[in-house]
Structure formats: structure tokens, C-alpha cells
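>
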Amino acid sequence: MTSKTTIPVHLDINGQHHTLELEPRVTLLDALRDRLGLTGTKKGCDHGQCGACTVHVDGERVLACLTLAAQAEGRAITTIEGLAREGEPHPVQTAFLERDAFQCGYCTPGQIMSAVACIREGHAGSDEEIREYMAGNLCRCGAYPHIVAAVRQAALEAAS
Amino acid sequence: MRDFDYVRPATISEALVAAAEPGSAYLAGGTNLLDLMKGGVTSPERIVDITRLPELNRIETLDDGGLRIGALVRNADLAHDPAFAKAYPAVAEALLSGASAQLRNAATAGGNLLQRTRCSYFYDTASACNRREPGSGCSALGGENRLHAILGWSDACIATHPSDFCVPLVALDAVVEIEGKQGRRHVTLEEFHRLPGDTPQRETVLEPGELIVAIRLPAEAASFAAHARYLKMRERTSYAFAVVSAAAALTVRDGKIRAARLALGGVAAKPWRARAAEAVLLGADADEAAFVRAADAALADASPPGDNAFKIELARRIVVRTLMSALAGTPALMPALPASPFSSLPGVRHDA
Ligand SMILES: Cc1cc2nc3c(=O)[nH]c(=O)nc-3n(C[C@H](O)[C@H](O)[C@H](O)COP(=O)(O)OP(=O)(O)OC[C@H]3O[C@@H](n4cnc5c(N)ncnc54)[C@H](O)[C@@H]3O)c2cc1C
Ligand code: SF4
Ligand code: FES
Ligand code: FES
Chain X
8 MTSKTTIPVH LDINGQHHTL ELEPRVTLLD ALRDRLGLTG TKKGCDHGQC GACTVHVDGE
68 RVLACLTLAA QAEGRAITTI EGLAREGEPH PVQTAFLERD AFQCGYCTPG QIMSAVACIR
128 EGHAGSDEEI REYMAGNLCR CGAYPHIVAA VRQAALEAAS
Chain G
8 MRDFDYVRPA TISEALVAAA EPGSAYLAGG TNLLDLMKGG VTSPERIVDI TRLPELNRIE
68 TLDDGGLRIG ALVRNADLAH DPAFAKAYPA VAEALLSGAS AQLRNAATAG GNLLQRTRCS
128 YFYDTASACN RREPGSGCSA LGGENRLHAI LGWSDACIAT HPSDFCVPLV ALDAVVEIEG
188 KQGRRHVTLE EFHRLPGDTP QRETVLEPGE LIVAIRLPAE AASFAAHARY LKMRERTSYA
248 FAVVSAAAAL TVRDGKIRAA RLALGGVAAK PWRARAAEAV LLGADADEAA FVRAADAALA
308 DASPPGDNAF KIELARRIVV RTLMSALAGT PALMPALPAS PFSSLPGVRH DA
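Protein sequences appear in the order of chains X and G.
Count along the first sequence starting at 1, add 7, and that's the number in this note's numbering.
Count along the second sequence starting at 1, add 7, and that's the number in this note's numbering.
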């Protein structure tokens with residue numbers, strides 16, 4: 008470890024403003040989990056390979072483990088904790104429950120954040136397309152068929 | 008990850024000054040650099056975050072009909088730009104076959120060119136690797152090398168360049184626009200990456216501190232739009248690097264090939280332009296026999312440094328198949344599985 012100093016980082020998370028003193032090397036994922044107690048966003052691989060850490064930055068899905076907290080300064084960040092509206096779960100959260108789209112649940116926050124964006128992007132038009140555009144989210148429990156069904160259901164609801 | 012100084016310049020000239028200090032690295036999407044820093048493969052003293060340089064974020068049509076892609080244009084934005092996907096369908100298809108939706112939302116055009124090899128010994132700091140530590144040896148020679156190079160390799164290094172984007176770009180004569188303290192210069196993408204030779208650590212012609220500001224496509228590149236494809240063989244259907252890939256672009260008139268472009272990915276330390284194959288194709292009848300001759304020419308100099316001889320035959324077949332697909336015509340709709348030989352439902356939708 009070198010003796011570099013911390014820097015102030017202003018983060019806008021789920022509509023709330025936070026100012027943190029961070030070493031520049033702190034990732035958005037570690038800032039969320041270790042500094043802000045927002046542990047809904049999961050650390051799977053920490054190397055951009057599994058999608059468990061998916062969050063939205065300015066409305067688009069990215070990987071929090073390969074984003075520096077400092078890089079996200081001034082951007083609107085949404086995590087799984089920020090999806091519900093007035094105590095009501097997001098329709099994608101409901102679809103995951105109804106379709107039993109998880110087993111252990113570890114990949115689920117990342118799957119849901121990715122699915123919300125996937126539907127918004129217009130990439131949930133067929134099962135094949137959902138599989139391709141959700142390929143960045145791995146599930147060790149192999150809940151894939153139910154995940155595809157949940158995304159499909161939520162996409163159809165969003166379209167109607 | 009070792010800690011570092013973090014600076015976020017507001018202009019290109021500020022960025023160049025900041026990166027002039029030894030030990031500096033530019034940070035774009037961060038999807039490759041941060042991964043390498045976590046593993047201690049590279050440990051910059053100073054990170055120059057260029058993501059807030061608005062000048063680098065544009066896609067512009069040039070007066071001569073060419074296209075200029077700013078270095079910070081994100082892979083997803085480029086691939087999903089309707090005008091871009093229409094004019095350069097093979098480039099859009101290559102982009103959409105790479106990484107995942109989340110990674111493509113962060114990865115930039117410039118960063119994609121400069122991503123490092125996926126050779127696992129390069130990532131493992133306990134292994135000898137000439138590319139990471141010059142003179143230490145090459146663990147892949149005599150090690151796990153099924154996926155390594157078959158063209159242009161040396162005894163010092165047999166790694167491949169992993170980019171999909173670069174393959175159709177090099178076929179279409181893309182040019183890299185570089186800015187340094189000496190001003191701006193242009194280098195063709197074909198000359199941009201270096202073969203390993205005795206100095207595998209020198210991966211490109213970029214000098215320390217130089218910044219990629221844009222990638223240019225000449226006007227002619229759009230003339231292939233009706234017959235341009237990218238095909239990528241992976242070890243699983245999606246979300247994997249290429250074992251071998253190819254980009255092909257043709258102009259066909261009266262059954263004869265009037266212009267041909269061909270490049271291979273996953274076979275060498277650089278995106279591999281197959282000029283000998285193009286010479287075979289020029290003026291030939293547009294049929295499978297000519298494509299087989301072209302494939303033989305493209306792989307004539309190939310040799311396996313280890314357990315990867317299968318890649319030579321695989322590359323031949325991918326070349327023939329990509330040329331057949333290009334001849335059949337660019338699909339009106341982007342396949343649901345971009346660049347996949349297993350795309351069962353061609354043209355499920357065109358989202359690009
Ligand atoms: C799990 C995973 C799967 C992937 N799969 C694929 C795949 O299938 N196909 C594929 O092609 N790629 C794939 N990638 C790689 C991905 O495309 C690259 O990581 C990405 O394109 C790099 O862009 P970036 O903007 O994030 O670069 P960064 O990580 O920010 O930078 C990469 C390098 O370029 C330098 N740099 C960046 N911009 C500039 C500039 N303008 N001027 C000078 N230097 C600069 C940086 O200093 C650094 O050395 C994958 C990555 C991951 C993590
Ligand atoms: S092939 Fe190249 S990158 Fe891989 S171990 Fe050998 S020198 Fe290093
Ligand atoms: S924890 Fe970020 S992708 Fe796995
Ligand atoms: S539900 Fe267990 S990893 Fe996906």
C-alpha cells in the first residue's frame with residue numbers, strides 16, 4: 008500500500024445525496040456495500056464476469072465492480088434498494104417472485120437490475136433475445152428458465 | 008488494488024499534461040484497466056479519468072463521406088446507432104457479439120482497441136510472461152495454449168488480441184487518430200497493433216502519454232453495407248471471447264467479386280488483415296470455390312505453437328462461411344444472436 012490520500016466523492020444514490028471520503032481505488036461496489044450499507048448489490052466475481060453487481064448509472068446498466076466510485080460522481084445511481092415505489096415492489100421484482108425465478112437469491116438483485124434495463128432498452132422481445140441480452144448475468148443455481156419467464160412476463164406487462 | 012492519484016481533466020490538453028508524468032494511465036470505461044489493476048497485472052501511479060471530455064464523445068460524418076468515431080463513444084451507443092449499423096453492419100454485429108450489455112454500456116471505442124490479451128498467464132502474476140515482465144519467459148509455450156495464436160507469433164509470446172470490434176474495422180481500413188504533445192497523427196489500424204517479435208510488451212505504436220481521440224472509417228467502408236458480415240466461434244453460445252472470428256465485406260457485380268475485404272480475429276496478437284486472400288478474391292467468380300482458395304491463402308502462413316492446430320482448420324472454415332454469409336447479403340434484421348454461427352432464427356429483430 009502506498010500513502011496516497013483520500014478524496015471527497017459526491018454520490019447520488021436512489022435519489023439521496025452522499026459525500027464520502029474515499030481512497031481513489033474504491034470501486035462503486037465497495038462504496039455501496041462497505042461504506043453506505045447498501046448490501047443489496049452483490050459481489051460475485053469482482054472481475055466483471057458475473058453481473059451480480061449490476062446497478063444503473065444514469066438509467067443504464069453497468070457493473071459496479073468495474074466502476075470507480077469517483078467515476079460515478081455526479082451521475083444518478085440506482086441500486087436494487089431504489090427500485091420499489093411507495094412501498095410497492097417494481098413489476099420486475101413481482102414477476103421474479105411470481106415466476107419463482109431464483110433459488111439461493113445471490114444473483115437475483117443483479118438479474119433484476121439487468122432485467123429492468125433489458126426491458127427498457129427494448130431487448131426482451133423473444134426468449135432468444137432475452138437470453139442473449141441477459142447473458143451477462145450468471146446464475147450458479149441455474150434458475151435460467153424461470154428468469155427468462157419472469158423477464159418475458161414483466162416485458163409483456165410493460166408493453167400492455 | 009494499489010492506490011493511485013486520481014485526476015479528472017476537463018480538456019484534452021489538460022489530459023495530455025496530466026498523463027505526461029511517468030506511471031500514468033488513462034481511464035475510459037475501466038472494464039479492462041480496473042480488472043488488470045485488481046490483479047496487480049498493472050499498477051499505475053496516476054489515473055487520468057478521461058470520461059468527462061465531451062469532445063471525444065461524438066460520432067461525426069466527415070466532409071469526404073468518411074466517419075469519425077470519438078474515442079469515448081461507448082460500444083453500446085455505437086452498435087445501436089441506427090445510421091451506423093446500416094452503413095457498417097459488420098462492425099455493429101461485432102460489437103454486439105462482444106462482452107455483455109452491461110460491459111458494452113461502459114466500454115469505449117478507444118479502450119476496446121487497447122484492451123490487453125486474455126492469455127491466463129498474463130493475468131497470473133506468479134507465472135512467467137514476457138508481455139507483462141519482459142525477459143521472464145513465456146509460460147504459454149509448453150503450457151495451456153489451445154486458444155493461442157496461429158499467425159504472427161514469436162517464441163517470446165504467442166498471445167492473441169481479443170477484440171471483436173477491431174476485426175471488421177481493420178478490414179474496412181480504419182484509421183486511428185492520436186494526439187500527443189507533438190500534435191495529432193493518424194495511423195492505420197493495420198499498423199496500430201504490433202506483432203510480438205522480441206518485444207511483446209510493446210503492443211501498439213502508441214507512445215507513453217499519447218491519447219486516442221478518434222477512429223476514422225473512410226467513405227469507401229460504407230460501400231460494402233449490402234454484403235458485410237462478422238462471424239465469431241465461441242466455446243459457448245454467448246458472452247465469450249472468440250476462438251476464431253472473421254469479418255468479410257464484398258462488392259459483387261455480374262457474379263464477379265469487384266472488391267473484397269477480409270480480416271480474422273482470435274488468431275494473432277493483432278486483428279489480422281488477410282490481404283493475400285483479398286487478392287485471390289478480386290475478380291474471381293463469387294462462389295464457394297473461390298472462397299476456399301481465399302481461405303487457403305489466408306491461412307497459408309499459419310502454424311501452431313502448441314495444442315492449437317485445430318484453429319487453423321477452424322479458421323479456414325470460418326473464412327469460407329463468413330464469405331458465404333456476406334455473399335448471401337447482410338440480413339435486413341440483426342440476428343438475435345449477433346455473429347453466431349448457431350443463430351437459429353435469422354432476423355428475429357433488428358435492434359441495432
Ligand atoms: C467479462 C468480460 C468479457 C468480455 N468480452 C469481450 C468480447 O467478447 N469481445 C471483446 O471485444 N471484448 C470483450 N471484453 C473486453 C471489453 O471490450 C474491453 O474491456 C473494453 O472494450 C475496454 O474499453 P474501456 O473503455 O473499458 O477501456 P479501459 O479499461 O478504460 O482502458 C483499457 C486500456 O486502454 C487505455 N485507454 C483507454 N482509452 C484510451 C484513449 N482514448 N487513449 C489512450 N489510451 C486509452 C487505458 O489506459 C487502458 O490501458 C470483455 C471484458 C470483460 C470484463
Ligand atoms: S503468450 Fe504472451 S501473454 Fe501469454 S504468457 Fe506468453 S508472453 Fe505472456
Ligand atoms: S461482481 Fe461485478 S460482475 Fe461479478
Ligand atoms: S439463484 Fe442462486 S445464483 Fe442465481
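Note that CB positions come from ideal geometry on N, CA and C, so glycine has one too.
From a predicted model like this one, the values you see are computed outputs, not experimental measurements.
Please compile the residues from chain G whose C-beta is within a distance smaller than 7 Å of the C-beta of X:V69.
Correct list: Q109, N112 and A113.
> Is there at least one non-hydrogen atom of ligand 4 closer than 7 Å to the beta-carbon of X:Q23?
Flag unset: Cβ of X:Q23 not near ligand 4.
> If you follow the beta strand (DSSP E) that X:H97 is in, where does it begin and where does it stop?
Premise fails: X:H97 is in no beta strand (DSSP E) and is neither H nor E.
> Taking its Cβ as the centre, do 16 or more other Cβ atoms sit within 10 Å of X:C148, making it buried, or is it exposed?
Exposed: under 16 other Cβ atoms inside 10 Å.
> If you check the beta carbons only, do X:H24 and X:L43 fall under 8 Å apart?
No, these two residues do not count as a Cβ contact at 8 Å.
> Are three or more beta carbon pairs between the stretch 109-121 of chain X and the stretch 144-162 of chain X nearer than 8 Å?
The stretch 109-121 of chain X is in contact with the stretch 144-162 of chain X.
> Quick check on DSSP: helix, strand or coil for G:P207?
Of the three classes helix, strand and coil, the one that applies to G:P207 here is coil, per DSSP.
> Anyone know if the C-beta pair for G:G262 and G:A293 falls short of 8 Å?
Yes, these two residues count as a Cβ contact at 8 Å.
> Note down the Cα distance separating G:H357 from G:P342, rounded to an integer number of angstroms.
Interpretation of G:H357 is limited by its pLDDT of 42, a score under 50 that renders its predicted location unreliable; no figure is taken from the coordinates.
> With distances taken Cα to Cα, identify the nearest neighbour of G:A113 among G:G36, G:Y246, G:P225 and G:P278.
Answer by Cα proximity: G:G36.
> Who are the near neighbours of G:M240 in its chain, counting only those whose CB is closer than 7 Å to its CB and skipping five residues on each side?
Excluding positions up to five away in sequence, the list reads A249, V250, V251, S252, L321, I325 and P348.
> Any chance you could list the residues with Cβ under 5 Å from a heavy atom of ligand 2, keeping chain order?
Cβ atoms closer than 5 Å to ligand 2 belong to G:C126, G:Y128, G:F129, G:C136, G:N137, G:R138, G:C145, G:S146, G:A147, G:C164, G:I165 and G:A166.
> Can you tell which of G:G47, G:L41 and G:I66 has its C-alpha closest to the C-alpha of G:V55?
Nearest C-alpha to G:V55: G:L41.
> Quick check on X:Q23: does DSSP put it in helix, strand or coil?
Strand at X:Q23.
> To the nearest angstrom, report how far apart X:G66 and X:N21 are at their CA atoms.
Using only the alpha carbons, I get a separation of about 11 Å.
> Whole angstroms are fine: how far does the CA of G:T206 sit from the CA of G:E184?
So the two alpha carbons sit approximately 24 Å from each other.
> Flag X:P15 as yes if its beta-carbon sits less than 8 Å from any beta-carbon of chain G, otherwise no.
Answer no: the Cβ-Cβ gap between X:P15 and chain G never drops below 8 Å.
> Using a Cβ distance threshold of 8 Å, determine whether the stretch 73-92 of chain G contacts the stretch 41-53 of chain G, with at least three qualifying pairs required.
Touching, no.
> With distances taken between CB atoms, is the gap from G:L148 to G:G272 smaller than 8 Å?
No, they are not a contact pair.
> I'd like to know whether the C-beta atoms of X:R82 and X:M120 end up nearer to each other than 8 Å.
No, the pair does not count as a contact, with Cβ atoms beyond the cut-off.
> I want to verify the contact list: residues of chain X whose CB lies under 8 Å from the CB of G:K45, in sequence order.
Per Cβ cutoff of 8 Å: D53 and H54.
> Find the nearest neighbour of G:A116 within the set G:D180, G:A86, G:F129 and G:P96, judged by alpha-carbon distance.
Of the candidates G:D180, G:A86, G:F129 and G:P96, the one whose C-alpha sits nearest the C-alpha of G:A116 is G:A86.
> Tell me whether the stretch 133-144 of chain G and the stretch 99-112 of chain G touch, counting them as touching only if at least three CB pairs, one residue from each stretch, are closer than 8 Å.
These segments do not touch.
> Any residue with its Cβ nearer than 6 Å to a heavy atom of ligand 3 should be included. What is that list in chain order?
Cβ atoms closer than 6 Å to ligand 3 belong to X:K50, X:G51, X:C52, X:D53, X:G55, X:Q56, X:C57, X:G58, X:A59, X:C60, X:L70 and X:C72.
> Quick one: measure Cβ to Cβ for G:V274 and G:L196, integer angstroms, because I've assumed they're closer than 8 Å.
G:V274 to G:L196, Cβ: 16 Å. No contact.
> Is X:H54 helix, strand or coil by DSSP?
Of the three classes helix, strand and coil, the one that applies to X:H54 here is coil, per DSSP.
> Between which two residues does the alpha helix (DSSP H) carrying G:D42 extend?
Per DSSP, G:D42 belongs to the alpha helix (DSSP H) from L40 to K45.
> Taking any Cβ of chain G, which residues in the stretch 29-40 of chain X have a Cβ under 8 Å from it, in chain order?
Under the 8 Å Cβ criterion, the stretch 29-40 of chain X contributes E30, P31, R32 and T34.
> Could you tell me how far apart the beta carbons of G:F172 and G:A101 are, in whole angstroms, since I believe they sit closer than 8 Å?
Between G:A101 and G:F172 the Cβ distance is about 5 Å, and since that is below 8 Å, they are a contact.
> Using a C-beta cutoff of 8 Å, does X:E136 count as contacting chain G?
Cβ-Cβ to chain G under 8 Å: yes for X:E136.
> Roughly how many whole angstroms lie between the Cα atoms of X:Y151 and X:C57?
Each residue's alpha carbon lies about 14 Å from the other.
> Specify whether the stretch 45-60 of chain G and the stretch 26-36 of chain G touch according to this definition: at least 3 beta carbon pairs, one from each stretch, less than 8 Å apart.
Counting Cβ pairs under 8 Å, three or more are found: they touch.
> Between X:S10 and X:P31, what straight-line distance do the alpha-carbon atoms span, to the nearest angstrom?
Confidence in X:S10 is poor, its pLDDT being 49 and thus under 50, which makes the residue's placement unreliable; the coordinate value appears in the next sentence. Distance between the alpha carbons of X:S10 and X:P31: 12 Å.
> Could you tell me whether any Cβ in chain G is nearer than 8 Å to the Cβ of X:M8?
Low local confidence applies: a pLDDT of 40 at X:M8 is under 50, so the model's placement there is unreliable, with the coordinate-based value given in what follows. For X:M8, the answer is yes, since a Cβ of chain G falls inside 8 Å of its Cβ.
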